[in-house]
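Scroll down for the structure; my scribbles are underneath it.
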Amino acid sequence: MGVKLGSLFPSEQISFKDLHDRIIVIDAYNVLHQFLATIRQRDGTALKNADGKITSHLSGLFYRSANLVQNKIKPVYVFDGKPHELKQETIDERNRRRLQAEKDWKDALEKGDTAKARVKAQQTSRVTEEIVAQSKTLLEILGIPYVQAPEEGEAQASYMVRKGDAYGVGSQDFDCLLIGSPVLIRNLTSSSKRKLPGKKAYVKVHPERIYLNQTLDKLGISQKQLVDMAILMGTDFNEGIKGIGPKKSLKLIKKNGNIENVISTIGSDEAPTFEKIKKIRSMFLNPKTTDDYELSWSQPDEQKLVYFLSEKYQFSEKRIESMLKKFEPIKEMKKQQTLF
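Be aware that the sequence shown starts at 159, since it is given in the numbering used here, and climbs by one per residue.
This is how it looks when you write it as structure tokens:
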């Protein structure tokens with residue numbers, strides 16, 4: 159879901175050239191959800207092979223990685239671990255919405271409304287253990303490193319950037335800034351346009367860079383206060399207070415100092431308890447992370463790749479060979495010692 163504070167964050171438009179030789183840590187679940195939602199047929203059916211196995215995630219991961227490497231960007235993917243108990247409510251709600259979307263999708267198909275069917279189908283996507291395992295296998299064959307997070311993938315990604323092992327986090331969500339990543343890179347895609355949800359219109363998109371320190375300086379708050387703003391509005395770990403958006407949240411926190419004072423002042427039955435607030439804060443400010451990873455890149459194993467994508471999942475062998483050319487810059491990739 160991610161926090162909805164983006165309208166307050168100062169961003170700058172950049173190009174892929176600005177990221178040459180940079181290590182970018184990508185939230186794997188974030189992009190896999192994108193691929194599963196968007197890489198679909200006209201009626202909303204996911205991309206599948208002859209055996210009925212979903213391949214949308216493999217297609218997206220292969221082509222996205224190829225384009226990043228071609229642009230001399232060093233991708234690292236981080237996978238979520240076991241979700242924290244505080245996230246269970248959100249997970250249950252997502253499952254409920256997914257089931258409703260599946261029903262709405264079938265209804266739309268029966269009525270011949272393919273536009274609505276596709277929109278509803280996108281809401282049914284789910285990253286399963288099988289999809290994760292297949293994605294990791296593909297990355298191993300491509301010679302691209304991945305990291306298994308103990309809990310939240312974005313927390314691990316942010317830690318790696320803070321530690322100096324990477325330049326920035328590549329994600330559409332803003333959560334990594336709350337967790338403390340110095341740099342967030344958004345719109346890290348090869349496409350220069352994006353379809354507006356539920357509309358037949360497209361908008362131009364460019365990679366964006368957001369610096370945490372610039373954001374905090376502009377807003378005149380601390381990172382802890384930024385987290386408090388997010389809790390007021392709602393996070394993956396709690397429901398927000400109705401009627402509080404980004405601007406109001408900022409105003410309340412700056413006036414009262416912290417969320418506890420805000421709640422004591424305005425009073426709200428929707429607000430989380432102080433004990434829960436403390437736990438949520440800790441999720442952002444002191445998340446579980448690991449140092450058990452190694453970042454190195456190697457040339458794709460062409461023989462294994464053809465077998466995996468072509469033989470098992472019916473990808474075009476010609477297309478695979480064509481995309482492999484984009485991995486040529488890996489030959490020059492060595493672990494970067496100085497990132498800034």
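Beta carbons are placed, not taken as given, at the ideal position from N, Cα and C, and that holds for glycine. A quick note: this is a predicted structure, and the numbers were derived from the prediction, not measured.
| Query | Result |
| --- | --- |
| 7 Å Cβ shell around residue 445 - same chain, five flanking residues per side excluded | 309, 310, 313 and 337 |
| For residue 480 and residue 301, the rounded distance between their alpha carbons | 17 Å |
| Span separating the alpha-carbon of residue 287 from that of residue 175 | 35 Å |
| Three-state class that DSSP yields for residue 371 in the structure shown | helix |
| Burial state of residue 489 (16 or more Cβ within 10 Å) | exposed |
| Which residues DSSP lists as bridging residue 342, in chain order | 327 and 368 |
| Residue burial classification, residue 431 (beta-carbon count within 10 angstroms, cutoff 16) | exposed |
| Three-state class that DSSP yields for residue 282 in the structure shown | coil |
| Beta strand (DSSP E) runs contained entirely in the region 387 to 416, provided each spans 3 or more residues | none |
| Paired residues, beta bridge with residue 235 - DSSP | 184 and 304 |
| Cutoff 6 Å; reference residue 382; Cβ partners in own chain excluding five residues on either side | none |
| Nearest-angstrom Cα separation, counted from residue 405 out to residue 451 | 39 Å |
| Which of helix, strand or coil DSSP assigns to residue 204 | strand |
| Environment of residue 257 [buried if 16+ CB atoms lie within 10 Å] | exposed |
| Secondary structure of residue 261, DSSP reduced to three states | helix |
| Beta-carbon separation (whole angstroms), residue 235 vs residue 186, contact threshold 8 Å | 4 Å |
| Cβ separation of residue 453 and residue 323, assumed to be a contact under 8 Å, to the nearest whole Å | 6 Å |
| For residue 365 and residue 173, believed in contact at Cβ under 8 Å, the rounded distance | 7 Å |
| Alpha-carbon to alpha-carbon, residue 294 and residue 429 | 39 Å |
| Beta-carbon proximity list for residue 497, same chain, < 6 Å, skipping 5 on both sides | The pLDDT assigned to residue 497 is 46, lower than 50, so where the model puts this residue is not dependable; a value taken from the coordinates is nonetheless given after this. 325. |
| Residue 442 versus residue 273: straight-line alpha-carbon distance, rounded | 38 Å |
| 7 Å CB neighbourhood of residue 266 in its chain, flanking five on each side removed | 274, 275 and 278 |
| Per DSSP, the bridge partner or partners of residue 277 | BP columns for residue 277 are empty, so no partner. |
| Residue 178 classed as buried or exposed, judged by whether at least 16 other C-beta atoms fall within 10 angstroms | exposed |
| Own chain partners of residue 468 with C-beta closer than 7 Å, once the 5 adjacent residues on each side are dropped | 475 and 478 |
| Inter-stretch contact (C-beta, 8 Å, three-pair minimum) for the region 405 to 425 and the region 191 to 199 | no |
| Whole-Å CB distance - residue 465 paired with residue 211, under 8 Å assumed | The pair is not a contact, with the Cβ atoms about 15 Å apart (cut-off 8 Å). |
| Backbone secondary structure at residue 361 - three-state DSSP | strand |
| Distance CB(residue 447)-CB(residue 304) smaller than 8 Å | no |
| Local Cβ density within 10 Å of residue 407, reported as buried at 16 or more and exposed below that | buried |
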